[in-house]
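Beneath this line is the structure, given in C-alpha cells, with notes to follow.
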Amino acid sequence: MSLERTKVRLGEDDLKKRHIVMLLCCLFLLGIGKTVYAASSIEISTTKQLEDKVVVAWNPIKDAVKYHVWLSVGDENNYKKKATVLVEDNASEIISETEASTPIIETNEVAEVSMTQVISNISKEKTYYVKVQAVDINGTVLTQDTTSFYNGNIVSTTKQKYSYSDMQKDIKQLQQKYSDYVHVEVIGTTADKRKIYDVILGNPNAKKCIVVQASIHAREYMTSQLVMEQMEYYLDNYNKKYKKKTYKDIFDKVCVHVVAMSNPDGVTISQKGIGGIKSASLRKKLKKMHGAKYTTVWKANARGVDLNNQFNNNFKYIKKYKKGAYAGYGGKKPVSEAESKALVKLVNDVKPKAVVNYHAMGNVIYCNYGASKKMQAKVYKLSGEIRDLTGYHYMGLDTAPGFANWLVCKKGIPSCTVEIGKHTAPVPISQFETVWKQNKDVMAASARLYY
Ligand SMILES: [Zn+2]
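For the sequence shown, this note's numbering gives the first residue as 1220, with consecutive numbering after it.
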C-alpha cells in the first residue's frame, strides 16, 4: 500500500465526512433520528461502480451500534472481516490491508435510508461473497445477511441456444451486481410453469418508461440474448455518455421494462423439443400438433398458440386457423394465453411511451399498421431512430393481430417490430456480432427519445 494512495483516499474520506456531517445536520434539523429508518432485516445489496469499486448497502437495524462487514473471494466459506462500521460517528475501522490483491475498504457513509460501504480493488472474473452483521452494544450479533456477485462478463454471446435458465441465471447475476439499477418483477407464469420476467433497467420510479420485449416467437430466441446483452452493456458503462447523456441520466428519467423472453415455453420447445416441456398433458397435446416433428422452427407457445396473433386488433383475420400448431394459430379468443395477458397487463400498468418488439429475421422493421397520420408520425419517430441505427429497411402495411399492431391502433402507443438476422430463424450465433453492432444502442436510443 503506497503512501500516495493513502493520501488520495484520505482526501476522499474528508469529502465524504463533510457530506455526512451535512446530512446528519439536515436530519437533526428535521428532527429525524436514525432509528426512524431502522428495518427488521439487513437486506444487503451490491452495486458495481465503474472501475474496481462496489457499493455495499444495507438497512439500518434497531439497537445496532455497529456493523461488521465481511468479504470472501471465490469461496463462500472463507470470510474475512474487512471493516467495522460504527453507527455513532459513522466512522470506519479498517481491519486489514494485507496483500495488494485483496480488496480494501475505502470509505463509508450514511445514506438517507441505508448504510453503505465502498469496497475497492475488486478483481475481474471473480465471485465476491459479502456478509454484514448488525451488532448491539453488548457485542451480540442481532442479525446478519449475505449476498454475492460475480464481477465478470455475465451474458454469453457465443452460445447458440440461449435458454430460459441461462436468462434466469443472468437476470439474477445482473441484479446482484447492479442492485441499484436492476429491479426484477414476475409478470406472469406460463402453462408449463415458467416465469415471465420484467427486468426494470434504471430508476423503477421514473415518471416515464418504455417497454422492450423479445422472443414472443419461440425460434427467435437470439432476441433474448440481444436485449440481455444490451442491458449488461449499459450497466457496465453506466456513467459513460451516449449522445451527450450518460446511460444513468437516460435510465434515471426513462426506465426500461425489459421482457427478455415473452414466450419461455416456446423457446424451450424450439431449443430442446417437446421433451423440454415438463407437463405430461401439454406434451401429449403438443405431439399431435402440426409441426411437432420440426420443433426447431417452433414459433407458438406450449399450447400451440402463436402469441403474436393474439391481440385484439383484426383478430378475425386469424380465425381461419382452427387449432394449435407450431405457428399461425391465434387461439380461440384474443389474449387467452398467460403470455399475452402478461404483456397486456404490463402495458396497462406502466403506460409506456413506446414499445420495441424484437423478432427475427430479415433485417427489417415493421412500423406501418394503418394508423392515423398523427399516430403514424409518432411511430416513425421511434422506428426512424431504430432504422438510422440498424440500417434495416421498412416493410409495408402489416394488418396481422400482432402486439405492435394492437399497441399502435388500439392503445395509441408508438411501437414497431424489429427483425434481426439475415434469413433464417433460429439465427445462427455466427451472426451475433453483426446483430450486436446494428442494435447495441437501440434500447438506450429509444429511451432517450422520451427523455
Ligand atoms: Zn417473430
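Cβ atoms here follow ideal geometry from the backbone N, Cα and C, with glycine treated the same way.
Minimum C-alpha distance to residue i - residue among the options
| i | options | result |
| --- | --- | --- |
| Ala1557 | Ser1264, Ser1367, Glu1652, Thr1409 | Thr1409 |
| Ile1639 | Val1475, Tyr1613, Tyr1588 | Tyr1613 |
| Asn1527 | Pro1645, Cys1635, Ala1619 | Ala1619 |
| Gln1395 | Tyr1585, Leu1608, Thr1266 | Thr1266 |
| Asn1576 | Leu1626, Val1554, Gly1615 | Leu1626 |
| Ala1666 | Val1354, Gln1529, Gln1449 | Gln1449 |
| Ile1605 | Lys1593, Tyr1585, Lys1592 | Tyr1585 |
| Ala1623 | Ser1649, Val1566, His1287 | Val1566 |
| Thr1609 | Lys1301, Lys1343, Lys1572, Gln1657 | Gln1657 |
| His1402 | Met1508, Phe1470, His1509 | Phe1470 |
| Val1446 | Asp1389, Gly1494, Val1337 | Asp1389 |
| Asn1532 | Val1288, Lys1597, Gly1589 | Gly1589 |
| Asp1484 | Lys1535, Ile1429, Arg1413 | Arg1413 |
| Lys1460 | Ser1264, Glu1652, Thr1653, Leu1269 | Leu1269 |
| Ser1443 | His1642, Tyr1400, Ser1591, Trp1655 | Trp1655 |
| Leu1454 | Asp1468, Lys1463, Thr1359 | Asp1468 |
| Val1524 | Gly1543, His1509, Met1508 | Gly1543 |
| Gln1432 | Gly1358, Val1661, Leu1290 | Val1661 |
| Ala1479 | Ile1415, His1509, Lys1463 | Ile1415 |
| Tyr1397 | Lys1592, Gln1387, Val1273 | Val1273 |
| Pro1647 | Ser1384, Lys1464, Gln1490, Tyr1548 | Gln1490 |
| Met1594 | Asp1607, Gln1379, Lys1630, Val1563 | Lys1630 |
| Tyr1564 | Asn1297, Gly1407, Thr1376 | Note that residue 1564 is Lys in the sequence shown here, rather than Tyr. For Lys1564, the nearest C-alpha among the options comes from Gly1407. |
| Met1386 | Ser1498, Val1486, Ser1339 | Val1486 |
Close Cβ partners of residue i (< 6 Å) along its chain, the five nearest in sequence each way excluded
| i | result |
| --- | --- |
| Val1516 | Arg1438 |
| Ile1435 | Ser1481, Asn1482, Leu1526, Asn1527 |
| Ile1496 | Asp1411, Arg1502, Ala1521 |
| Ile1356 | Val1284 |
| Glu1404 | Asp1417 |
| Gly1492 | Thr1514 |
| Ser1559 | Leu1526, Gln1529 |
| Tyr1611 | Asn1582, Val1583, Ile1584 |
| Gln1650 | Gly1640 |
| Glu1676 | Limits of the chain in this structure are 1220 at one end and 1670 at the other, which puts residue 1676 out of reach. |
| Phe1534 | Pro1553, Pro1620 |
| Ala1276 | Ser1264, Ser1333, Thr1335 |
| Glu1295 | Tyr1348 |
| Cys1628 | Asn1532, Tyr1588, Ala1590 |
| Ser1602 | Ile1584, Cys1586, Cys1635 |
| Tyr1457 | Tyr1466, Lys1467 |
| Tyr1669 | Lys1427, Val1473, Lys1572 |
| Glu1652 | none |
Contacting residues, own chain, Cβ-Cβ under 7 Å from residue i (five flanking each side not counted)
| i | result |
| --- | --- |
| Tyr1452 | Lys1659 |
| Ile1280 | Ala1257, Ala1258, Ile1261, Ala1353, Leu1361, Thr1362 |
| Leu1616 | Asn1587, Gly1589 |
| Glu1318 | With a pLDDT of only 37 at Glu1318, under 50, the local geometry of the prediction cannot be trusted, and the value read off the model is given with reservation. Cβ neighbours of Glu1318 beyond the five flanking positions: none. |
| Gly1293 | Lys1345, Thr1346 |
| Ala1663 | Tyr1453, Tyr1461, Tyr1466, Ile1469 |
| Gly1550 | Val1524, Gln1529, Glu1556 |
| Asp1271 | Ser1339, Asn1340, Ile1341 |
Cutoff 8 Å; reference residue i; Cβ partners in own chain excluding five residues on either side
| i | result |
| --- | --- |
| Pro1571 | Cys1428, Ile1429, Val1430, His1476, Ile1632 |
| Gln1392 | Phe1368, Tyr1369, Ile1373 |
| Ala1425 | Phe1470, Asp1471, Lys1472, Val1473, Cys1474 |
| Val1569 | Cys1428, Val1430, His1476 |
| Tyr1545 | Met1508, His1509, Gly1510, Ala1511, Tyr1513, Thr1514, Val1516, Trp1517, Lys1518, Ala1519, Gly1523 |
| His1642 | Met1580, Gly1581 |
| Val1574 | Ile1429, Val1430, Val1431, Gln1432, Val1566, Phe1622, Ala1623, Leu1626, Ile1632, Pro1633, Ser1634 |
| Tyr1383 | Arg1413, Met1480, Pro1483, Val1486, Thr1487 |
Counting Cβ pairs closer than 8 Å, one from the region 1429-1439 and one from the region 1295-1307, do we hit at least three?
no
Does the pairing of the region 1363-1370 with the region 1333-1350 give three or more beta-carbon distances under 8 Å?
yes
Within the region 1610-1661, ranges of the alpha helix (DSSP H) (whole runs, at least 4 residues)
Runs of the alpha helix (DSSP H) inside the region 1610-1661: 1622-1628, 1651-1658.
Okay, do the region 1472-1481 and the region 1411-1429 touch, 3+ Cβ pairs below 8 Å being the bar?
Because the criterion of three Cβ pairs below 8 Å is met, the region 1472-1481 and the region 1411-1429 touch.
On the three-pair Cβ rule with 8 Å, is the region 1629-1639 touching the region 1571-1583?
Contact between the region 1629-1639 and the region 1571-1583 is present, with at least three C-beta pairs closer than 8 Å.
Give, in chain order, every unbroken run of the alpha helix (DSSP H) that is at least 4 residues long and sits entirely within the region 1432-1516.
1441-1455, 1466-1472, 1483-1491, 1499-1506
Beta strand (DSSP E) runs contained entirely in the region 1252-1308, provided each spans 3 or more residues:
1264-1267, 1273-1277, 1285-1292, 1299-1305
3 or more residues per run - each beta strand (DSSP E) lying fully within the region 1393-1419:
Runs of the beta strand (DSSP E) inside the region 1393-1419: 1401-1408.
Minimum length 3: unbroken beta strand (DSSP E) runs contained in the region 1517-1597:
When DSSP assignments are scanned along the region 1517-1597, the uninterrupted stretches of beta strand (DSSP E) that are 3 or more residues long and fall wholly within it turn out to be 1574-1579, 1583-1585.
Start-end ranges of the alpha helix (DSSP H) lying completely within the region 1358-1399, minimum 4 residues:
Listed in chain order, they are 1383-1396.
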